[in-house]
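Letter by letter, the sequence shown follows residues 350 to 443 of the working numbering. No residue lacks a Cβ here, since even glycine has one placed at the ideal position from N, Cα and C. Below is one structure, written out as structure tokens; the observations come after it.
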Amino acid sequence: MVDEDIAGLRGEIDKIDREIVCLLKKRVEITKKIGQLKANRSMDIEDTDREHEVFKNVSDASKESDLDGEFVRKIFGLIIGHCKGKEKEIFNFK
350 MVDEDIAGLR GEIDKIDREI VCLLKKRVEI TKKIGQLKAN RSMDIEDTDR
400 EHEVFKNVSD ASKESDLDGE FVRKIFGLII GHCKGKEKEI FNFK
């Protein structure tokens, strides 16, 4: 049987995981809106300046939060890659 303290903490982790998923969903929805605007304006999907800005922002936030910067960078690399894929889907449908 799992210790009640551990079970309680795992419950907190489960709640946080659900919150992360909800925030990722919101991020993807906003990305799709940006992709549609870029498509309507014949803009490039790639915006390396913006990507660098995002990585700097999350790097700064990881330092402030005492999190491993490489860990955070890898996670956001995956997030950005997925979001760029969603933008590309919009361009392909246009």
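Contact between Ile429 and Val403 holds, with the beta-carbon distance rounding to 7 Å and staying under 8 Å. In the three-state reduction of the DSSP assignment, Asp393 falls in the coil class. Runs of alpha helix (DSSP H) with 4 or more residues, each lying fully within the segment 381-430, are found at 397-413, listed in chain order.
Non-local beta-carbon contacts of Gly384 in its own chain, meaning distances under 6 Å to residues more than five positions away in sequence, involve Glu436, Ile439 in chain order. Within the same chain, Gly418, Val421, Arg422 come within 8 Å of Ser408 by CB-CB distance, once the 5 residues on both sides are set aside.
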